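Step one of this worksheet: look at the structure below.
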Amino acid sequence: MSNEPIIRVRNLHKWYSGVHALKGVDLDFHRGETVGLVGDNGAGKSTLINILSGTQAPTEGEIFFEGKKVRFKGPADAMEAGIETIYQYNSMVPTMSIARNMFIGREPLKWSVGGIGILDTKKMAAESVQAIADVDLHLRSPDALVGELSGGQRQGVAIARAMHFKSKVMILDEPTNHLAVKETQKVLGFVKSLKELGIPGIFISHNIHHVMECSDRIVAMARGEVVLDKRVDDTSMDEILDVL
Amino acid sequence: MKRFLKIYLEKPELAGVAFLLLLTVVFQARSGGVFLSAANLQGILGLLPEVALVAVGVTLLMICGEFDLSVGSVFALTPMAMAVTLEAGWPFLPAFALGLCVALLVGLVNGVLTVRFAIPSFITTLGMLFVARSITVVISGGFPPLLPNGAFPKWLFVAYVGPGDMFRMSFLWFVAIAVLVTLLLSRTNFGNWVRATGGFLPAAESMGIPTKRVKVACFMICSLLAGFAGSLQVMRLGAPLPSIGEGLELQAVAAAVIGGTALTGGIGTIFGGIIGATLIRVIDNGLVLSQVDANWFKMVLGALTVFAVILNAWLRRKAKSIKVETGK
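Line by line, the protein sequences are chains F and S.
To convert, note that position 10 of the first sequence is 10 in UniProt numbering; the numbers rise steadily by one, no gaps.
To convert, note that position 253 of the second sequence is 253 in UniProt numbering; the numbers rise steadily by one, no gaps.
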């Protein structure tokens, strides 16, 4: 069981009217392993991630999650299964508080009728404070607006959210884009801490230095295909740049 | 202390509240004390629910990031549908229910067209403004239907109640509905979804919120409240006119904006919308009492709308510049 990949992707194709964005991708993601996914713009990595996180449907091919064939109808399905995605910007609502952002779409309710009900705000405040402290991020109040946080703090909250909901796989889509150097280090620290927690991660970045720093394995994509799949120790920056 | 100041300066309805207090003082002085007399307050509170209920719905929808210009027409269509069926001999309850269903249907069409075809709700509801108004005139046959005495239960909707007959029943309906919608927005998961949908759509979508359904629901609530408000007005006047509510859609938007609701969505409160609607009523009434030419009303309303937004933006900048640590 433990040797079985947590995610298996087989023969995945995606067509956008006239563009063959994914050309039969086969990939395995293993437990306890952080995979760095690199590639140029238009290489197909975002398409692959969108399919894994449920925001797009593949044209052809299969995905197995924990050995079972899955077909996500939307992001909620993927999150339900345990795949959490952290996007460079769009996973937080700046005009809402940290506590409310933590629980968007998964609010704890005191009681409900037909899925709509009264928020358990006390639980939301307490659990968000705990979740943020767990990722070693220090924020004074869960009522602060996310719009007032720095880019690195926002990613920290997004990661805290993913941890809180006990995600089984964490996808980080360009989490270090547009961040200052210090903030970037903080986010890379979060990514490394995933490994200590035994949560497999898929880390997408333009920056090969960042990817090399915190991944166990590198997958490079170009023109909709996987062109390199090696352990970090068995490859080098030059080799990766070469295939891209 | 600084923290409290910051929290209050950030309240979007602050500018509206400040204007309301200021105008109350001015009108009280200018009218020689008549403005705050019981008789005048009775007049303001009697009319307030009709505009304010529309403003509540429009505010909710604007927080969700959408717009409804058809509320003025629904304000007329709902009671007209009710009146026509009453005239045809239906009892009150089914006729009233039919009117409200028409309002819900208009909201549903507005919402589905907007999200299904991804067109700006400004356009969909502008179209609906004309369509609903036209239907109203057509079903009225050009003449307002004659309603028999006792066609609707006035005691339940428009009769005076309270100490010194201070309120109309419509005011109690308004308070109850305003509290419900406020709780819906601030205390339920649906309210969280509304704010997320209007605040930043891609985030709401990536977190798996059914944003399309949330929007359609807000369109329907908005339309329903406009229809209910129109019904209240018709019951108060006793006759359904096909022309009521003209220009109301823009007053409602003005009320929401004065109350601090952002056109871009995500920011605003129901209370703010109510404050905005109250301001509009207060200006209308106060100008008359101050013996100012009533034609200045729109001028004041327009100036206030723009000024309130500027003041709000300024207050929010001030709040931001107050340095209170959010982290370390």
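Glycine is no exception: its CB is placed at the ideal position from the N, C-alpha and C atoms.
Quick caveat: nothing in here was measured; it's all calculated off a predicted structure.
CB contact check: residue i to chain S, cutoff 7 Å
{"i": "I171 (chain F)", "result": "no"}
{"i": "Q130 (chain F)", "result": "no"}
{"i": "P75 (chain F)", "result": "yes"}
{"i": "E62 (chain F)", "result": "no"}
{"i": "S46 (chain F)", "result": "no"}
{"i": "E127 (chain F)", "result": "no"}
{"i": "M163 (chain F)", "result": "no"}
{"i": "M79 (chain F)", "result": "yes"}
{"i": "H20 (chain F)", "result": "no"}
Neighbour list for residue i in chain F, Cβ cutoff strictly below 7 Å
{"i": "T188 (chain S)", "result": "I116, G117, I118 and L119"}
{"i": "A203 (chain S)", "result": "N90, S91, M92 and V93"}
{"i": "I135 (chain S)", "result": "The contacting residues do not exist; I135 (chain S) stays about 32 Å from chain F at best."}
Below-7 Å beta-carbon distance, residue i vs any chain F residue
{"i": "I209 (chain S)", "result": "yes"}
{"i": "N192 (chain S)", "result": "yes"}
{"i": "D200 (chain S)", "result": "According to the sequence shown, residue 200 (chain S) is Phe rather than Asp. Yes, F200 (chain S) lies at the interface with chain F (some Cβ there is under 7 Å from its Cβ)."}
{"i": "S31 (chain S)", "result": "no"}
{"i": "S206 (chain S)", "result": "yes"}
{"i": "I270 (chain S)", "result": "no"}
{"i": "G260 (chain S)", "result": "no"}
{"i": "I267 (chain S)", "result": "yes"}
{"i": "T326 (chain S)", "result": "Any reading at T326 (chain S) must be qualified, since the residue scores a pLDDT of 49, below 50, and its modelled position is unreliable; no value is offered."}
Own chain, CB closer than 7 Å to residue i, minus 5 neighbours either side, in chain order
{"i": "V181 (chain F)", "result": "none"}
{"i": "E33 (chain F)", "result": "P200, D216 and R217"}
{"i": "A99 (chain F)", "result": "M124, A125, S128, P142 and D143"}
{"i": "P58 (chain F)", "result": "L12, H13, K14 and I51"}
{"i": "A294 (chain S)", "result": "L287 and V288"}
Beta-carbon proximity list for residue i, same chain, < 6 Å, skipping 5 on both sides
{"i": "K168 (chain F)", "result": "G82"}
{"i": "D143 (chain F)", "result": "S97"}
{"i": "N285 (chain S)", "result": "I44"}
{"i": "M1 (chain F)", "result": "Unreliable placement is indicated for M1 (chain F), whose pLDDT of 44 sits below 50; the coordinate value is still reported in the next sentence. Cβ neighbours of M1 (chain F) beyond the five flanking positions: none."}
{"i": "L139 (chain F)", "result": "I132"}
{"i": "S73 (chain S)", "result": "L129, A132 and R133"}
{"i": "N110 (chain S)", "result": "T124, T125, M128 and F219"}
{"i": "T47 (chain F)", "result": "K14, A21 and L22"}
{"i": "A319 (chain S)", "result": "K6, L9 and E10"}
DSSP three-state assignment for residue i, whether helix, strand or coil
{"i": "G61 (chain F)", "result": "strand"}
{"i": "F143 (chain S)", "result": "coil"}
{"i": "K203 (chain F)", "result": "Residue identity check: residue 203 (chain F) is Phe in the sequence provided, not Lys. Strand, per DSSP."}
{"i": "R223 (chain F)", "result": "coil"}
{"i": "W111 (chain F)", "result": "strand"}
{"i": "F200 (chain S)", "result": "coil"}
{"i": "N11 (chain F)", "result": "strand"}
{"i": "residue 265 (chain F)", "result": "No information on residue 265 (chain F) is available, as it lies outside the stretch 1 to 244 that chain F covers here."}
{"i": "K73 (chain F)", "result": "coil"}
{"i": "I267 (chain S)", "result": "coil"}
{"i": "G130 (chain S)", "result": "Reading the sequence as shown, one finds Phe at residue 130 (chain S) and not Gly. If DSSP states are grouped into helix, strand and coil, F130 (chain S) belongs with the helices."}
{"i": "A262 (chain S)", "result": "coil"}
{"i": "V138 (chain S)", "result": "helix"}
{"i": "F27 (chain S)", "result": "helix"}
{"i": "G32 (chain S)", "result": "coil"}
{"i": "F75 (chain S)", "result": "helix"}
{"i": "D68 (chain S)", "result": "coil"}
{"i": "residue 247 (chain F)", "result": "Not covered by the structure: residue 247 (chain F). The range shown for chain F is 1 to 244."}
{"i": "F228 (chain S)", "result": "helix"}
{"i": "A43 (chain F)", "result": "coil"}
{"i": "V158 (chain S)", "result": "coil"}
{"i": "T34 (chain F)", "result": "strand"}
{"i": "G327 (chain S)", "result": "Its pLDDT being 45, under 50, G327 (chain S) is placed unreliably by the model, and the measurement read from it follows with that caveat. Note: G327 (chain S) maps to strand in three-state DSSP."}
{"i": "T176 (chain F)", "result": "coil"}
{"i": "D242 (chain F)", "result": "helix"}
Same chain, Cβ closer than 8 Å to residue i, neighbours up to 5 away in sequence not counted
{"i": "L301 (chain S)", "result": "Q251, A254, I280 and I283"}
{"i": "W155 (chain S)", "result": "M169"}
Contact list for residue i against chain S, beta-carbon separation under 9 Å
{"i": "R100 (chain F)", "result": "N192, R195 and A196"}
{"i": "L109 (chain F)", "result": "T188 and N189"}
Distance cut-off 6 Å: residue i Cβ against heavy atoms of the ligand ATP
{"i": "R317 (chain S)", "result": "Ligands are entirely absent from the displayed structure, and the ligand ATP is therefore not among its contents."}
Within chain S, partners of residue i - CB distance below 8 Å
{"i": "T85 (chain F)", "result": "S206"}
Within chain S, partners of residue i - CB distance below 7 Å
{"i": "G105 (chain F)", "result": "M207, G208 and I209"}
{"i": "T184 (chain F)", "result": "Going along chain S, no residue has its Cβ under 7 Å from T184 (chain F), so there is no contact; the nearest lies around 17 Å."}
{"i": "M96 (chain F)", "result": "R195, A196 and G199"}
{"i": "T55 (chain F)", "result": "S206"}
Do the region 197 to 214 of chain S and the region 103 to 111 of chain F touch if we need at least three Cβ pairs shorter than 8 Å?
yes
For the 8 Å Cβ check, are there 3 or more pairs between the region 220 to 230 of chain S and the region 4 to 24 of chain S?
no
Is it a yes or a no for the region 211 to 226 of chain F touching the region 20 to 34 of chain F, going by three-plus beta-carbon pairs under 8 Å?
yes
The region 61 to 72 of chain F in contact with the region 107 to 120 of chain F per 3-pair CB rule at 8 Å
no
Stretch-stretch touch, CB-based, cutoff 8 Å, three pairs: the region 59 to 67 of chain S with the region 268 to 275 of chain S:
yes
Closer than 8 Å is the cut-off here; do at least three beta carbon pairs connect the region 134 to 144 of chain S with the region 74 to 85 of chain S?
yes
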